[in-house]
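What follows is a single structure, written as structure tokens, with notes after it.
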Amino acid sequence: MLKAISEFPADKKIAGIHSVPVTDDGMVVMVWDRNEKVLTTVGGRLENNEGIHTALDRETMEEAGITLDTNRVPIASWYWDHTDTYTVFVVAKVREFTALPDGFETTGRVVMNFETARQMVAKLEGDSHRIKVLEWAEEVYHKFLKEN
Numbered sequence: 001m002l003k004a005i006s007e008f009p010a011d012k013k014i015a016g017i018h019s020v021p022v023t024d025d026g027m028v029v030m031v032w033d034r035n036e037k038v039l040t041t042v043g044g045r046l047e048n049n050e051g052i053h054t055a056l057d058r059e060t061m062e063e064a065g066i067t068l069d070t071n072r073v074p075i076a077s078w079y080w081d082h083t084d085t086y087t088v089f090v091v092a093k094v095r096e097f098t099a100l101p102d103g104f105e106t107t108g109r110v111v112m113n114f115e116t117a118r119q120m121v122a123k124l125e126g127d128s129h130r131i132k133v134l135e136w137a138e139e140v141y142h143k144f145l146k147e148n
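What follows is the structure in structure tokens.
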């Protein structure tokens, strides 16, 4: 179940971390998942004893060829009953675009405004939790990250 948050949950293990990267001019970056055939947020599972920020840095580089600013604002969590863990979503500004590495589950990054992202996700998936994540990310971007 998806829930809005303003800080990282501490009551259960965080097993996954995703970001909604935003460029300096307010464009959102998503990736196309070659296996699931969806436009998705950037992220994945933590490996071994990896910390959430290390995992997010690794995942954003692997999936989108992006380095993120260190200011990451938690916006949502998804609780997984069967594993008793969370996947957490953050919004962060893009620090740098680099070459997209080969061999991972995405085919490339897609840069667009928030409204277009929501419309594309709705067209592909219907009423998806990703739409709510994008809405919350846009709100947080305008409140906390736009001027910084």
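Residues in the sequence shown are numbered from 1 upward in steps of one, following the numbering used here.
Ideal placement from N, C-alpha and C gives every residue a C-beta, glycine not left out.
Within 7 Å, strictly: CB atoms of residue i and residue j
| i | j | result |
| --- | --- | --- |
| Arg109 | Val22 | no |
| Val88 | Val140 | no |
| Ser19 | Gly43 | yes |
| Tyr86 | Ile14 | yes |
| Thr116 | Asp33 | no |
| Ile5 | Pro101 | no |
| Glu62 | Phe104 | yes |
Distance, residue j Cα to residue i Cα
| i | j | result |
| --- | --- | --- |
| Thr83 | Thr70 | 28 Å |
| His142 | Asn49 | 34 Å |
| Glu96 | Lys12 | 32 Å |
| Glu59 | Gly26 | 21 Å |
| Val38 | Val111 | 15 Å |
| Leu124 | Thr98 | 27 Å |
| Thr40 | Asp81 | 22 Å |
| Ala122 | Glu7 | 27 Å |
Close Cβ partners of residue i (< 8 Å) along its chain, the five nearest in sequence each way excluded
| i | result |
| --- | --- |
| Leu46 | Ile14, Ala15, Gly16, Ile17, Ile52, Ala55 |
| Arg72 | Ser19, His53, Leu56, Val90, Val91, Ala92 |
| Ala10 | none |
| Arg118 | Ile131, Leu134, Glu135 |
Neighbourhood of residue i by C-beta, 6 Å cutoff - its chain only, sequence neighbours within 5 removed
| i | result |
| --- | --- |
| Lys93 | Val22, Asp69, Leu145 |
Close beta carbons around residue i, own chain, < 7 Å, minus the five adjacent residues each side
| i | result |
| --- | --- |
| Leu2 | Ala76, Trp78, His129, Lys132 |
Exercise for review: Enumerate, from N- to C-terminal direction, the unbroken alpha helix (DSSP H) stretches of 4 or more residues contained entirely within the stretch 70-131.
Suggested key: 114-125
Check your understanding: Using 8 Å as the Cβ pair cut-off and three pairs as the minimum, do the stretch 126-141 and the stretch 63-71 touch?
Key -> no
Point to revise | Every unbroken alpha helix (DSSP H) inside the stretch 23-74 [4 residues or more] | key: 52-64
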